[in-house]
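Okay, so here's the structure we're looking at.
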Ligand code: SAM
Ligand code: SF4
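In this note's numbering, the protein residues as written are 2 to 442.
Quick look at the structure:
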């Protein structure tokens with residue numbers, strides 16, 4: 002085996018895990034290829050947060066049931082951890098099944114595959130350390146992810162993550178800060194701290210930093226101009242995080258704080274560990290901050306037993322908070338979870354109806370909030386160029402997409418690009434999902 006192909010599904014944690022897996026494979030002498038047809042080893046890094054996500058990998062594997070001879074197939078990530086050796090039965094051409102808690106063992110598992118073993122597994126969750134590797138092959142030359150905490154110690158009634166990613170393991174603050182300094186030396190300007198519950202971070206070293214203190218320290222690394230973090234759990238969200246953002250403009254004024262439901266009854270049945278009022282207290286901290294903090298969230302509609310009144314409370318919460326954006330999902334029944342056997346499952350049609358109403362309301366809020374920015378100046382970090390529209394693709398500190406034209410640099414030329422630079426942009430147009438503007442020179 003010399004060449005590998007990898008496809009990644011799901012969240013940013015998975016995207017970053019894949020960067021580490023790729024780095025590990027390259028360090029072992031493998032070469033990455035762009036298409037599965039060209040590869041000796043085909044890997045899928047999978048997501049099982051909802052049923053639809055889980056089915057995707059089996060569709061992919063089915064495509065190769067007959068044509069995959071001579072290749073080695075591996076399933077990594079959450080579906081691997083959840084389904085374990087059952088994957089070998091369902092897709093007999095798969096040779097490797099490994100969850101994220103076992104990635105530190107990848108080199109050893111590769112040796113087993115190379116020696117012809119066709120049933121290699123890494124499924125233990127008994128791992129008290131985060132996967133820390135010097136071999137990360139980062140995808141983006143300007144923005145880098147750093148996972149600071151893996152796993153989850155909560156037990157939300159709908160969620161597979163505690164079963165697929167295991168218990169929480171935080172990295173030491175020294176290892177996080179060393180990585181941040183190294184990234185700055187390499188020319189990265191933006192860092193995104195990652196964790197299923199990033200703010201549940203607890204430094205295992207004697208320095209014993211909590212999340213807000215670690216955030217401050219990363220924000221002070223020379224050369225790093227923007228620091229983001231995701232995802233925050235409301236229960237562990239303390240005001241000191243807002244104070245840190247207020248103190249240092251390098252810390253982006255954007256907080257993703259998933260609420261899931263606006264009804265305290267539903268939150269209790271979801272085992273979310275906070276009430277609507279407690280959640281709203283955190284929102285008030287943000288609204289009262291010195292900086293204008295952008296707030297985004299996740300919402301699940303149709304959790305078992307969600308009444309029309311519960312759902313209306315969620316709609317009313319949207320009006321009250323005025324989120325800048327949200328991810329919304331129909332509840333999906335997941336194996337092993339507490340909600341699996343709850344009565345009062347909501348029908349698919351009703352879930353779709355609620356989702357459409359919620360999304361329509363949020364769209365109107367976003368149109369209104371984005372329109373309020375017309376005429377304002379925003380600092381945009383350039384991520385790329387859109388040849389179809391002739392605009393540079395920028396991102397504001399509040400995490401809005403701000404596409405813009407530059408009078409002296411209308412397009413990339415001779416390998417030169419504005420990617421990785423920042424510009425003051427006057428907002429001239431606003432849609433529900435992005436802004437457009439002109440550079441002020
Ligand atoms: N740890 C984060 C938190 O507690 O807010 C969320 C991490 S989870 C990977 C991302 C989102 O997926 C959740 O916020 C939730 O909205 C959604 N999700 C998780 N399980 C789900 C399920 N069974 N059905 C629908 N959406 C789900
Ligand atoms: Fe899942 Fe809840 Fe853990 Fe978030 S806090 S990863 S939703 S169990």
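Think of the CB as a built atom: it goes at the ideal place given N, C-alpha and C, for glycine as much as any other residue.
Being a predicted model, the structure only gives us computed values, none of them experimental.
What is the DSSP secondary structure of residue i, counted as helix, strand or coil?
| i | result |
| --- | --- |
| residue 418 | coil |
| residue 18 | helix |
| residue 204 | coil |
| residue 101 | helix |
| residue 119 | coil |
| residue 371 | helix |
| residue 78 | strand |
| residue 385 | strand |
| residue 131 | coil |
| residue 236 | helix |
| residue 257 | strand |
| residue 252 | strand |
| residue 95 | strand |
| residue 360 | helix |
| residue 139 | coil |
| residue 430 | strand |
| residue 411 | coil |
| residue 222 | coil |
| residue 53 | helix |
| residue 72 | coil |
| residue 455 | Only positions 2 to 442 of the chain appear in the structure, and residue 455 is not among them; the question remains open. |
| residue 163 | helix |
How about residue i and residue j: do their beta carbons lie closer than 8 Å?
| i | j | result |
| --- | --- | --- |
| residue 128 | residue 78 | no |
| residue 174 | residue 125 | no |
| residue 1 | residue 394 | Nothing about residue 1 can be read from this structure; the chain reaches only from 2 to 442. |
| residue 157 | residue 272 | yes |
| residue 322 | residue 284 | yes |
| residue 426 | residue 381 | yes |
| residue 358 | residue 319 | no |
| residue 315 | residue 259 | no |
| residue 429 | residue 439 | yes |
| residue 386 | residue 408 | no |
| residue 355 | residue 302 | yes |
| residue 67 | residue 45 | no |
| residue 197 | residue 162 | yes |
| residue 246 | residue 172 | no |
| residue 122 | residue 99 | yes |
| residue 27 | residue 75 | no |
| residue 337 | residue 164 | yes |
| residue 307 | residue 267 | yes |
| residue 211 | residue 203 | yes |
| residue 101 | residue 186 | no |
| residue 49 | residue 73 | no |
| residue 51 | residue 330 | yes |
Name, in chain order, the residues that DSSP records as bridge partners for residue i.
| i | result |
| --- | --- |
| residue 83 | Paired residue(s): none; residue 83 is not in a bridge. |
| residue 211 | 203 |
| residue 380 | 425 |
| residue 405 | 393 and 438 |
| residue 298 | 327 |
| residue 192 | 145 and 228 |
| residue 46 | 9 and 77 |
| residue 33 | 5 |
| residue 170 | 151 |
| residue 217 | Looking at the DSSP assignment, residue 217 forms no beta bridge with any residue, so it has no partner. |
Report back the beta-carbon spacing between residue i and residue j to the nearest angstrom; my notes put them in contact at under 8 Å.
| i | j | result |
| --- | --- | --- |
| residue 195 | residue 17 | 6 Å |
| residue 147 | residue 192 | 6 Å |
| residue 189 | residue 145 | 5 Å |
| residue 200 | residue 233 | 4 Å |
| residue 1 | residue 10 | This structure does not reach residue 1, given that the chain is present from 2 up to 442, and the question cannot be answered. |
| residue 184 | residue 219 | With a Cβ gap of about 10 Å, residue 184 and residue 219 do not count as contacting. |
| residue 150 | residue 169 | 6 Å |
| residue 40 | residue 5 | 5 Å |
| residue 304 | residue 332 | 5 Å |
| residue 138 | residue 24 | 4 Å |
| residue 353 | residue 325 | With a Cβ gap of about 25 Å, residue 353 and residue 325 do not count as contacting. |
| residue 287 | residue 256 | 6 Å |
| residue 400 | residue 390 | Their Cβ separation, rounded to whole angstroms, is 20 Å, which puts residue 400 and residue 390 out of contact at 8 Å. |
Counting only beta-carbon atoms, is residue i nearer than 8 Å to chain C?
| i | result |
| --- | --- |
| residue 314 | Of the protein chains in the structure, only one exists, and it is not chain C. |
At a threshold of 7 Å, does residue i count as lining the ligand NAP (C-beta to nearest heavy atom)?
| i | result |
| --- | --- |
| residue 362 | Absent from the structure shown: the ligand NAP. Ligands present: the ligand SAM and the ligand SF4. |
Relative to the ligand SAM, what is the chain-ordered list of residues with a Cβ closer than 6 Å to any of its non-hydrogen atoms?
12, 50, 51, 159, 160, 162, 197, 198, 232, 234, 259, 261, 299, 301, 330, 332, 333 and 335
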